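Engineer: Please see the structure below; I have some questions.
Numbering (this note's numbering), first residue to last: 13 to 124.
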């Protein structure tokens, strides 16, 4: 695992906000998946994944968020992503995932 990778969460205004810092790739995706699955199994249905601190994402990261989104929909949940890094945003746009996933530029905007 990357030494600079950090994941944490907090509950705010009815949402669980999962903050990710570092790179989202084949090495870190399992940890993010584990974290999010624990949120779902813990009964959390409104999740914001704050990726403002993410500087790089590969295809395994994209696959993770598609899978998480499907899982949330299956549990009548709401998943929102916060992305501001131009390179990470570009990956979602190139793959047209920005059309099927809810992406915001701040946690505050995602909570509205």
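The C-beta atom is built at its ideal place from N, Cα and C for all residues, glycine as well. These numbers come from a predicted model, not from an experiment.
#1: Taking three-plus beta-carbon pairs below 8 Å as touching, is the segment 99 to 118 in contact with the segment 18 to 25?
#2: Under the rule that 16 or more other beta-carbon atoms within 10 Å means buried, what is residue 80, buried or exposed?
#3: Under a three-way DSSP split, which group does residue 124 fall into?
#4: Report, in whole angstroms, the separation of the C-beta atoms of residue 100 and residue 60, which I expect to be a contact under 8 Å.
#5: By DSSP, does residue 68 sit in helix, in strand, or in coil?
#6: Using a threshold of 8 Å, is the CB atom of residue 95 nearer than that to any non-hydrogen atom of the ligand MG?
#7: What residues are listed by DSSP as bridge partners for residue 92?
Structural biologist: In this structure, then:
#1: In the pairwise beta carbon analysis, the segment 99 to 118 is classified as not touching the segment 18 to 25: fewer than three pairs are separated by under 8 Å.
#2: Reading the chain shown from its first residue, position 68 is the one you call residue 80. Of the residues assessed, residue 80 falls on the buried side of the cut-off, its CB having 16 or more other CB atoms within 10 angstroms.
#3: As a working mapping, residue 124 is identified with position 112 in the chain shown. In this structure, residue 124 counts as coil in the three-state DSSP scheme.
#4: Counted from its first residue, the chain shown places residue 100 at position 88. Counted from its first residue, the chain shown places residue 60 at position 48. Not quite, the Cβ-Cβ distance comes to about 16 Å (not below 8 Å), so this is no contact.
#5: As a working note, residue 68 is residue 56 in the chain shown. DSSP places residue 68 in strand when its eight states are reduced to three.
#6: This structure simply doesn't include the ligand MG, nor any ligand for that matter.
#7: Working through the chain shown from its first residue, we reach residue 92 at position 80. Secondary-structure assignment with DSSP links residue 92 through a beta bridge to 60, 114.
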